[in-house]
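Enquirer: For reference, the structure I am asking about is given below.
Residue numbers (the numbering used here): 6 to 538.
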């Protein structure tokens, strides 16, 4: 068994001596600092040079070395130990030092009493201590107690069985133009197909420090399967499957399956369109008509002064001239060859070859970097990034571009937080009254019909408020993630910016006074800064 190098004091007639024993069988040699710390702790004088030389000699040999420390007569030092316990209270390590001849050694019972006095009560290694006290090894660390670390649980998660990142962005040709005819990016699905599976959260286990204090595992996040029409969920609410043949998309955290309504044109022959699913229009949408769909809207022709509203994405292969009355609203993304004299609002990104005299917004990014790649006139807003080749107009058309946190998200966040607080207040008012009624019933006290009804009503209200708070918290988490994504908003210009253009980054604005090329605009130190690409 390996033995670290150690020391022992002896009182002789001519003074105090230290016996230094070399390490054995691969043990660690004695360090001078350890011996010096011991002597200082016990107020024993010594000659530092002699002691250092003696330790060095002992470590270089295989026999005991004796060093005279001083000429004093001291009180016999008893066997002692040091104990280290870190701030996290997860381990206790002792290190013993031999006593002088004729002194009483520390017993296991005495040491256990010391542990109790130090409030060490959990994870004591009785086997290691028993072995040590039967055959003491000095100047050697002994783990006397170990805490139990917490076992952290795993967050709930959702496993999707389709491509959740498929995007309908147009392909770019070699000459820099954009091919708006190759836009389809459809996840096909058949009736009965498994769409998603919920992997429930697993709860963690509490840990315990050596002082007996519990350590809480981290909280796990819970999620649920969210889905729209044409989807069924199993009894355990852990799997969703398609009820129809069609295609599947993920918008936010909600799964949608829809079949497609196909039309040649939207005009007087069809009237306004409102459809539960996707709408595919092979031709054009004429001015004055409306198309509303819970899925995607795809137009292979042009859109005039019409209104298109989609719970998913909008794609217009040949572009839109809205005649100052056309509107596009999509909760997903919008892709259009061009946007002119219209309003377009995308919940996700927006991609187009040019924007002229239009009001355009996107929840994440706006990309105007096709062959033409210009924004001239109107106002263009995105939460995170706007990329464009040419910004503004030589003719001085009023052009504004803005990036930063979407104010709609902030407003929604504040409103639902108020609802959450109101629900918590209601629950706090209900609980003591409900608890009193339940206690009355438990002990067998007489309750009339009105009191029974009150108890049932309060219990139902409390459950409803708690269920609502669960949904609110899920939405708050979503909003926080969405707002976090808006960090470091930027406007990137790959060509020219013309004078008179208004640039806004996170509510801070500037007007461009002279023509600038190949730059980006960011917010720094409370101002809009122009930086080179």
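Think of the CB as a built atom: it goes at the ideal place given N, C-alpha and C, for glycine as much as any other residue.
A quick note: this is a predicted structure, and the numbers were derived from the prediction, not measured.
1. Could you pull the DSSP bridge partners for residue 537 from this structure?
2. Could you name the residues of the same chain whose beta carbon sits closer than 7 Å to that of residue 70, not counting the 5 residues immediately before and after it, in chain order?
3. Is there contact between the region 493-507 and the region 455-463, where contact requires at least three CB pairs shorter than 8 Å?
4. How would you write the range of the beta strand (DSSP E) that residue 116 sits in, first residue to last?
5. Here's the rule: buried if 16 or more other CB atoms are within 10 angstroms of the residue's CB, otherwise exposed. What is residue 242?
6. Per DSSP, residue 295 is paired with what?
7. Since residue 366 sits in a beta bridge, which residues does DSSP pair it with?
8. Any chance you could list the alpha helix (DSSP H) runs of at least 4 consecutive residues sitting entirely within the region 38-122, in chain order?
9. Checking 8 Å against the spacing of the C-beta atoms, do residue 49 and residue 151 come in under that value?
10. Just list the residues that DSSP pairs residue 12 with in beta bridges.
11. Identify the residues that DSSP records as bridge partners of residue 220: which are they?
12. Looking at the structure shown, is residue 472 part of a helix, part of a strand, or coil, going by DSSP?
13. Rounded to whole angstroms, what is the Cα-Cα separation between residue 186 and residue 322?
14. Could you check if residue 521 is buried or exposed, using at least 16 other CB atoms within 10 Å of its CB as the buried criterion?
15. Count the other CB atoms within 10 Å of the CB of residue 469; is the residue buried (16 or more) or exposed (fewer)?
16. Please classify residue 493: does DSSP put it in a helix, a strand, or coil?
17. Give me the Cβ distance between residue 84 and residue 108, rounded to the nearest whole Å; I'm assuming they're in contact under 8 Å.
18. The alpha helix (DSSP H) spanning residue 132 covers which residue range?
19. Give me the Cβ distance between residue 402 and residue 378, rounded to the nearest whole Å; I'm assuming they're in contact under 8 Å.
20. Does DSSP classify residue 418 as helix, strand or coil?
21. Should residue 189 be labelled buried (16 or more other beta-carbon atoms within 10 Å of its own) or exposed?
22. Note down, in chain order, each residue of its chain lying with its Cβ closer than 6 Å to the Cβ of residue 265, except the 5 sequence neighbours on either side.
23. Could you check whether the region 415-424 touches the region 391-402, counting it as contact only if at least three pairs of C-beta atoms, one from each stretch, sit closer than 8 Å?
24. For the beta strand (DSSP E) that residue 575 lies in, which residues bound it at each end?
25. Roughly how many angstroms separate the alpha carbons of residue 310 and residue 336, rounded to a whole number?
26. Residues in its own chain within less than 6 Å of residue 536 by CB, not counting five upstream and five downstream?
27. I need the DSSP call for residue 18, collapsed to helix, strand or coil.
28. Starting from the Cα of residue 139, find the closest Cα among 325, 88, 111 and 164 and give me that residue.
29. If we ignore side chains and look at the alpha-carbon of each, how far apart do residue 94 and residue 232 end up?
30. Say whether the region 464-482 touches the region 434-441, bearing in mind that this needs 3 or more beta-carbon pairs closer than 8 Å, one atom from each stretch.
31. Following the continuous beta strand (DSSP E) through residue 259, name the residue where it begins and the one where it ends.
32. Under the three-state reduction of DSSP, which class applies to residue 328: helix, strand or coil?
33. Whole angstroms is fine: what's the gap from residue 239's alpha carbon to residue 196's?
34. Helix, strand or coil: which one does DSSP assign to residue 450?
35. Taking buried to mean at least 16 other C-beta atoms within 10 Å of its own C-beta, is residue 247 buried or exposed?
Expert: In short:
1. Counting from one through the chain shown, the residue named residue 537 turns up at place 532. Partner(s): 524.
2. Within the chain shown, residue 70 is the residue found at index 65, counting from 1. Cβ within range, chain order: 25, 59, 62 and 63.
3. Taking one beta carbon from each stretch, the region 493-507 and the region 455-463 have fewer than 3 pairs nearer than 8 Å; the two do not touch.
4. Start at 1 with the first residue of the chain shown, and residue 116 comes out as number 111. That residue, residue 116, is in no beta strand (DSSP E); its alpha helix (DSSP H) goes 113-122.
5. Within the chain shown, the letter at position 237 stands for residue 242. Exposed: under 16 other Cβ atoms inside 10 Å.
6. Working through the chain shown from its first residue, we reach residue 295 at position 290. Here residue 295 is bridged, per DSSP, to 312.
7. Taking the first residue of the chain shown as 1, we reach residue 366 at position 361. According to DSSP, residue 366 bridges with 350 and 386.
8. Runs of the alpha helix (DSSP H) inside the region 38-122: 53-65 and 113-122.
9. Taking the first residue of the chain shown as 1, we reach residue 49 at position 44. Taking the first residue of the chain shown as 1, we reach residue 151 at position 146. Contact flag unset, no.
10. Taking the first residue of the chain shown as position 1, residue 12 is located at position 7. Residue 12 pairs with 25.
11. For this step, residue 220 is matched to residue 215 along the chain shown. For residue 220, which the question treats as bridged, DSSP gives the partners 212.
12. On the chain shown, residue 472 is found 467 positions in, with the first residue counted as 1. Looking at residue 472 - three-state DSSP - the assignment turns out to be helix.
13. The count along the chain shown starts at 1 and reaches residue 186 at position 181. The count along the chain shown starts at 1 and reaches residue 322 at position 317. Note that residue 186 scores 38 on pLDDT, short of 50, meaning its location in the model is unreliable and no value can be drawn from it.
14. Position 516 of the chain shown, counted from the first residue, corresponds to residue 521. Counting other Cβ atoms within 10 Å of its Cβ, residue 521 reaches 16 or more and is therefore classed as buried.
15. By one-based count along the chain shown, residue 469 stands at place 464. Exposed: under 16 other Cβ atoms inside 10 Å.
16. Residue mapping note: residue 493 aligns to position 488 of the chain shown, counting from 1. Coil.
17. By one-based count along the chain shown, residue 84 stands at place 79. By one-based count along the chain shown, residue 108 stands at place 103. Here residue 84 really is in contact with residue 108; their C-beta atoms are around 7 Å apart, less than 8 Å.
18. Along the chain shown, read from residue 1 onward, the residue named residue 132 stands at position 127. In the DSSP annotation of this structure, the continuous segment of the alpha helix (DSSP H) that includes residue 132 starts and ends at 131-139.
19. Residue mapping note: residue 402 aligns to position 397 of the chain shown, counting from 1. Residue mapping note: residue 378 aligns to position 373 of the chain shown, counting from 1. Actually they are not in contact, since the Cβ atoms of residue 402 and residue 378 sit about 16 Å apart, beyond 8 Å.
20. As a working note, residue 418 is residue 413 in the chain shown. Correct three-state label for residue 418: helix.
21. By one-based count along the chain shown, residue 189 stands at place 184. Only weak support is given to the placement of residue 189: the predicted model assigns it a pLDDT of 44, under 50, and the question is left unresolved by the model.
22. Here residue 265 refers to the residue found at position 260 of the chain shown. 283 and 285.
23. Counting Cβ pairs under 8 Å, fewer than three are found: no touch.
24. Any answer about residue 575 is impossible in this case: the structure gives the chain only from 6 up to 538.
25. Counting from one through the chain shown, the residue named residue 310 turns up at place 305. Counting from one through the chain shown, the residue named residue 336 turns up at place 331. Rounded to whole angstroms, residue 310 to residue 336 spans 20 Å at the Cα level.
26. Your numbering for residue 536 matches position 531 in the chain shown. Spatial neighbours of residue 536 in its own chain (CB-CB distance under 6 Å, excluding positions within 5 residues in sequence) are listed in chain order as 525.
27. Locating residue 18 in the chain shown gives position 13, counting from the first residue. The answer is coil: DSSP assigns residue 18 none of H, G, I, E or B.
28. In the chain shown, the residue the question calls residue 139 occupies position 134. Of all alpha-carbon atoms in 325, 88, 111 and 164, the one lying nearest the alpha-carbon of residue 139 is that of 111.
29. Locating residue 94 in the chain shown gives position 89, counting from the first residue. Locating residue 232 in the chain shown gives position 227, counting from the first residue. A straight line joining the alpha-carbon of residue 94 with that of residue 232 spans about 47 Å.
30. The region 464-482 is in contact with the region 434-441.
31. Counting from 1 along the chain shown, the entry for residue 259 is found at position 254. Going by DSSP, residue 259 is part of the beta strand (DSSP E) stretching over 259-263.
32. Residue numbering aside, residue 328 sits at position 323 when the chain shown is read from its first letter. Note: residue 328 maps to strand in three-state DSSP.
33. Here residue 239 is taken as the residue at index 234 of the chain shown, counted from 1. Here residue 196 is taken as the residue at index 191 of the chain shown, counted from 1. Distance between the alpha carbons of residue 239 and residue 196 is about 15 Å.
34. Counting from 1 along the chain shown, the entry for residue 450 is found at position 445. If DSSP states are grouped into helix, strand and coil, residue 450 belongs with coil.
35. If you number the chain shown from 1, residue 247 lands on position 242. So residue 247 ends up on the buried side.
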